[in-house]
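Chains as they are written, first to last, in this note's numbering: chain H, 24 to 216; chain F, 555 to 736.
Here you go:
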């Protein structure tokens, strides 16, 4: 498996970004929703610090991913009806926007509350805007509902991938799986040599 | 006879040179601290405190500071923090409403004046030294003091909060006093 993508499948760099960011966002999103389970204020402070550090890491990975996607080629679409291709492209576009906005909205929320922003106790990042108590609830809402919206779009993304995998028996999912083996041929290519 | 006169004079001199008493002018005077939280420094100010200041740079032996701080009057510019500081984990103002600093002596150190004293905070009394900068000016003087207090020596922020990688352990105490003669 090469680092770069080829005609048949995504390269290992693209796969790495896809799965690490997927795990990071889902895990950190659930973590964020569970913050109130902290049994002490200090534990919540530490959990929030971890949540912010992971979020910043995700944001950095997303930016690197977009840069890589720009430079890398992408495997051509598997044969599918035009509406499916358009739906897939729209879903991918919205997901890209959301995975940038989700961590950025967290950064904005943190800035509005006037709290420090530290990456794994190593260094601090500046606030995006000045502290503003009136925007606190709004920023919190935006940050949280962006995650719910992302989950909604994710249903379409995962549903589409599984539909291709299970019903169409093509390589749409396999070509993005970390250790996935491609089917020898796409079924639509038939058995011709 | 001459010897006796010198002896008497030398005994009388220290009594004559008593440090001047000052009153603190609330306008322009501040007493506060700075520390770090998650790598970012923040400042705190106490709104209510009282200081009895007797000071003469030429007669440090008779100089004295006696300061009492109402801990619940703390403000740090963050509502969460201001809510937590008077609580039992930090100042515990319900049990220990005031902090008290009183000097035990002054000394010169490298061209600077150091006020040695004891700080009583949260029921713990320990020695604390402050650097003193005294500047006479028209109608009185300004007095700046600065020093470091190790918060854990006094049990400020115990348990989970003892983690100094999140909340700094060395708290800088800073006061700027506008003094008028009594």
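Ideal placement from N, C-alpha and C gives every residue a C-beta, glycine not left out.
inquiry  = Just to confirm, is the Cβ distance from residue 653/F to residue 675/F under 7 Å?
reply    = The answer is yes: Cβ separation under 7 Å.
message = Taking DSSP's pairing of strands, which residues face residue 682/F in a bridge?
response = Answer is 671/F.
query = Cα separation between residue 724/F and residue 26/H?
reply = Cα to Cα, residue 724/F sits roughly 49 Å from residue 26/H.
message = Distance check for residue 119/H and residue 29/H, CA to CA, integer angstroms please.
response = Taking the Cα positions, residue 29/H is about 21 Å away from residue 119/H.
task = Closer than 9 Å by beta-carbon distance: list the chain H residues that pair up with residue 622/F, in chain order.
result = In chain order: nothing, as chain H lies at least about 29 Å away.
key: Cutoff 7 Å; reference residue 184/H; Cβ partners in own chain excluding five residues on either side   = Hits under 7 Å: 195 and 196.
query = Whole-angstrom Cβ separation of residue 621/F and residue 600/F, contact assumed at under 8 Å?
reply = Actually they are not in contact, since the Cβ atoms of residue 621/F and residue 600/F sit about 10 Å apart, beyond 8 Å.
Enclosing alpha helix (DSSP H) for residue 167/H [first to last residue] = Per DSSP, residue 167/H belongs to the alpha helix (DSSP H) from 159-185.
request  = Could you give the DSSP three-state label for residue 112/H: helix, strand or coil?
outcome  = Here residue 112/H sits in helix by DSSP.
message = Is there a C-beta anywhere in chain F that falls below 7 Å from the one on residue 51/H?
response = Contact with chain F is absent for residue 51/H, since none of that chain's Cβ atoms lies less than 7 Å from the residue's Cβ.
ask   = Which residues share a DSSP beta bridge with residue 41/H?
value = Beta bridge pairing from DSSP links residue 41/H with no other residue.
request  = Grab the span of the beta strand (DSSP E) containing residue 585/F for me, first residue to last.
outcome  = Per DSSP, residue 585/F belongs to the beta strand (DSSP E) from 584-591.
inquiry  = Please report whether the beta-carbon of residue 719/F lies at a distance below 7 Å from any beta-carbon of chain H.
reply    = Answer yes: the Cβ-Cβ gap between residue 719/F and chain H drops below 7 Å somewhere.
ask   = For residue 194/H and chain A, any beta-carbon pair shorter than 7 Å?
value = The structure shown contains no chain A; its protein chains are H and F.
request  = Any chance you could list the alpha helix (DSSP H) runs of at least 4 consecutive residues sitting entirely within the stretch 619-649 of chain F, in chain order?
outcome  = Unbroken alpha helix (DSSP H) stretches of 4 residues or longer found wholly inside the stretch 619-649 of chain F: 633-638, given in chain order.
key: Cβ pair count under 8 Å reaching 3, the stretch 56-72 of chain H against the stretch 87-101 of chain H   = Contact fails: fewer than three Cβ-Cβ distances are below 8 Å.
inquiry  = Below 7 Å on C-beta distance, what does residue 591/F contact in chain H?
reply    = Here the neighbours are 139.
inquiry  = Using a Cβ-Cβ cutoff of less than 8 Å, which residues in the same chain neighbour residue 678/F once the five nearest sequence positions on both sides are dropped?
reply    = For residue 678/F, where only same-chain residues beyond five positions count, the Cβ hits under 8 Å are 707, 708 and 709.
task = Please state if the CB of residue 618/F and the CB of residue 672/F are separated by a distance shorter than 7 Å.
result = The beta carbons of residue 672/F and residue 618/F sit no closer together than 7 Å.
key: The alpha helix (DSSP H) enclosing residue 64/H, as first and last residue numbers   = In this chain, the alpha helix (DSSP H) harbouring residue 64/H covers 64-94.
message = Measuring straight from C-alpha to C-alpha, what distance separates residue 82/H and residue 123/H?
response = Computed Cα separation, rounded: 6 Å.
ask   = Where residue 569/F and residue 713/F are concerned, what is the direct C-alpha to C-alpha distance, given to the nearest angstrom?
value = Low per-residue confidence applies at residue 569/F: pLDDT is 47, beneath 50, and the placement is therefore not dependable, though the value from the model is reported in the following sentence. When the Cα atoms are used, residue 569/F and residue 713/F turn out to be separated by approximately 50 Å.
inquiry  = Cβ closer than 8 Å: which chain H residues qualify as neighbours of residue 715/F?
reply    = For residue 715/F, the chain H residues whose Cβ falls inside 8 Å of its Cβ are 65, in order along the chain.
key: Continuous beta strand (DSSP E) stretch holding residue 656/F: start and end   = It spans 652-663 - the beta strand (DSSP E) in which residue 656/F sits, taken as one unbroken run.
task = Step through the CB atoms of chain H and report whether any lies within less than 7 Å of the CB of residue 726/F.
result = Between residue 726/F and chain H, the shortest Cβ-Cβ separation is not below 7 Å.
message = Please report the distance separating the alpha-carbon of residue 698/F from that of residue 137/H.
response = The straight-line gap from Cα to Cα measures roughly 29 Å.
Chain H contact for residue 685/F (CB, 7 Å cutoff) = No, no contact with chain H.
query = Based on Cα-Cα distance, which residue from 702/F, 605/F and 734/F lies nearest to residue 680/F?
reply = The candidate whose alpha carbon is nearest that of residue 680/F is 702/F.
ask   = How is residue 611/F classed by DSSP in three states: helix, strand or coil?
value = Annotated three-state conformation of residue 611/F is coil, per DSSP.
request  = Specify the secondary structure class of residue 732/F as computed by DSSP and reduced to three states.
outcome  = Here residue 732/F sits in strand by DSSP.
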